[in-house]
Amino acid sequence: MASTGAAANAVIIIGAVLLLCSLHIDAKPRYNDVDNCGKCKHKCPRAPPHSERTCKNGKCGTKCKRGWLDCDQKKANGCEVDVKSLKTDVKNCGSCGNVCPVPLSNQFGTGLATCTKGVCGHTLTCATGFADCDGDPSNGCELDVKSNVNNCGSCGSVCPTGQLGTGAPTCTDGVCGLASTCAKDFEDCDSDPSNGCESDVRSDVKNCGSCGTVCPVPLSNQYGTGAATCTRGVCGYTLTCAKNFADCDGDPSNGCEIDLVGVSSGPDHCGSCDNACPASKNSTAWAYCNDGVCTFECNFFLGLGNCDNDYSNGCETYLLNNVNNCGACGQVCTTPPKGQIACSGGGCAGNCVKGFYENCDGNPNNGCETLVWSDVNHCGSCGNVCPSPPNATPSCSSNACKFTCKAGFSDCDLVASNGCEVQGVCPL
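FYI, my numbering numbers position 425 of the sequence shown as 405, with every residue one higher than the one before it.
Put into structure tokens, the structure is as follows:
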């Protein structure tokens, strides 16, 4: 019974709607109702993608849903463009139908159109030596920057006109130059067209006479200071030497290299560059410069001396074994007590008589004080003490140790180590 009542209610509702539509008293005017557009029961057709149906003045239509646009004006595909895509869509960049131009692509470069935040742009990858300098995508990489004097090597790099010379700027392999002839005595040494023929090769110490000829700078130190010069295209230098120093070899690299008064400078420049000390009289002597004055000196390593002060015969005295000139002229060796006079290696030394007297206490003042011929504590040589065998008294005779048996004892086996081993006399 309940279902029968529900069906009856539905019939009543439908009838009421039809009645209201026919009487034009429905909730929505028939001209704007998509289900009763222009007349009752006239439903507007299904809307295309991303759009919704409309009824205006009794005519069906469509409109885009929020966030969508109909850019191609084709009803079949509805509102095909997402508003968000306008920021990146190169065919609808920022607004419908705004197509971003595609750059020219050829052997000089390739490119793509871009849309960024709704603004058209483009990317270009240019071949080596070419560039897009005018920003116009329609002509691509239009400039050869290898040879364009207004865009040499890169866009906007203008080759300047030179100075101190004539001619026009050039661009070769992307590098600016000058098709110029420099004025006399001027050269373009730095290859910089902005300053033209910048070097006066008559006086430029870095380009003296020609580009790249660098004049050497003299050594400057505590012995002197100097500067390089270029005069009429020829290198030179100036040097101001300290006192007693001079530049004798004309080489700027070692500056004021000679000490005119010192021994270390040698005899070739004594007091002045041109004053060379004369050669020594013979091979036993050599010349040197002492405080700017030439002096001769005997060859110390040969042990020779000029004891007669006559350089005509050179260094005539051998100082290593001369007792009257031992180690130096006039150094006389004295004879030690009980010894012999001697000079050895340039030093005085007393020689004792071998086998008789020796210097056993090491005191040179008392000479050869010990008679080793008969001293039991220095028998034959210093420090050789004669042993004391049992029952015997030691002695030294003719540089040899001996012993004598004490009273009542005899040495019967003649063995020195056991001394006088028998009490009494030796048995027969």
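Yeah, the Cβ is synthetic: ideal placement off N, Cα and C, and Gly gets one too.
Query, Result
"Beta strand (DSSP E) runs wholly inside the segment 154 to 181, at least 3 long, in chain order", "155 to 162"
"Through-space distance from Tyr268 to Cys274, alpha-carbon basis", "6 Å"
"Residue closest to Gln403, alpha-carbon to alpha-carbon, out of Asn371, Val194 and Ser85", "Asn371"
"Leu351 - DSSP class collapsed to helix/strand/coil", "strand"
"Every unbroken beta strand (DSSP E) within the segment 192 to 253, with a cutoff of 3 residues, ordered by chain", "204 to 211 and 214 to 221"
"Within 9 Å, strictly: CB atoms of Val181 and Pro232", "no"
"Nearest candidate by alpha-carbon position, reference Cys121, set Gly109, Cys191, Gly192 and Asn78", "Gly109"
"Distance between Gly192 and Gly213 (C-alpha atoms, nearest Å)", "12 Å"
"First and last residue of the uninterrupted beta strand (DSSP E) at Tyr268", "Ala265 to Asn270"
"Beta-ladder partner(s) of Val402, from DSSP", "Ser390"
"Residues of its chain near Asn289, where Cβ-Cβ distance is below 6 Å and the 5 sequence neighbours each way are ignored", "none"
"Proximity to Ser377 [Cα-Cα], best of Gly327, Ser127 and Gly360", "Gly360"
"Whole-angstrom C-beta distance between Ser31 and Lys45, which should lie under 8 Å", "6 Å"
"Cβ-based neighbour list, Ser397, same chain, cut-off 8 Å, excluding 5 preceding and 5 following", "Pro369"
"Any non-hydrogen atom of the ligand NAP within 8 Å of Asn398 CB", "This structure lacks the ligand NAP, and indeed carries no ligand of any kind."
"Whole-angstrom distance between Gly363 and Ser354, CA atom to CA atom", "13 Å"
"Whole-angstrom distance between Val333 and Pro374, CA atom to CA atom", "24 Å"
"Range covered by the beta strand (DSSP E) that runs through Pro374", "Ala372 to Ser377"
"Beta-carbon contacts of Leu3 that lie in its chain and below 6 Å, excluding the five residues immediately before and after", "Caution applies to Leu3, whose pLDDT of 48 falls short of 50 and renders its modelled position unreliable; the value that the coordinates give is listed next. Closer than 6 Å at Cβ, skipping near neighbours: no residue."
"Under 9 Å between C-beta atoms of Cys100 and Cys73", "yes"
"Through-space distance from Ser174 to Gly230, alpha-carbon basis", "39 Å"
"Range of the contiguous beta strand (DSSP E) that encloses Lys36", "Ser31 to Lys36"
"Pairwise C-alpha distance: Thr42 and Cys85", "Going by the sequence as given, residue 85 is Ser instead of Cys. Taking the straight line joining both Cα atoms gives about 42 Å."
"First and last residue of the uninterrupted beta strand (DSSP E) at Ala56", "First-last for Ala56: undefined, no H or E at that position."
"Burial state of Asn339 (16 or more Cβ within 10 Å)", "buried"
"Helix, strand or coil at Ala93 according to DSSP, with G and I counted as helix", "strand"
"Straight-line gap, Gly206 to Ala148 (C-alpha atoms, nearest Å)", "42 Å"
"Host beta strand (DSSP E) of Leu104 (start-end)", "Val99 to Cys106"
"Residue(s) in a DSSP beta bridge with Gly319", "Cys332"
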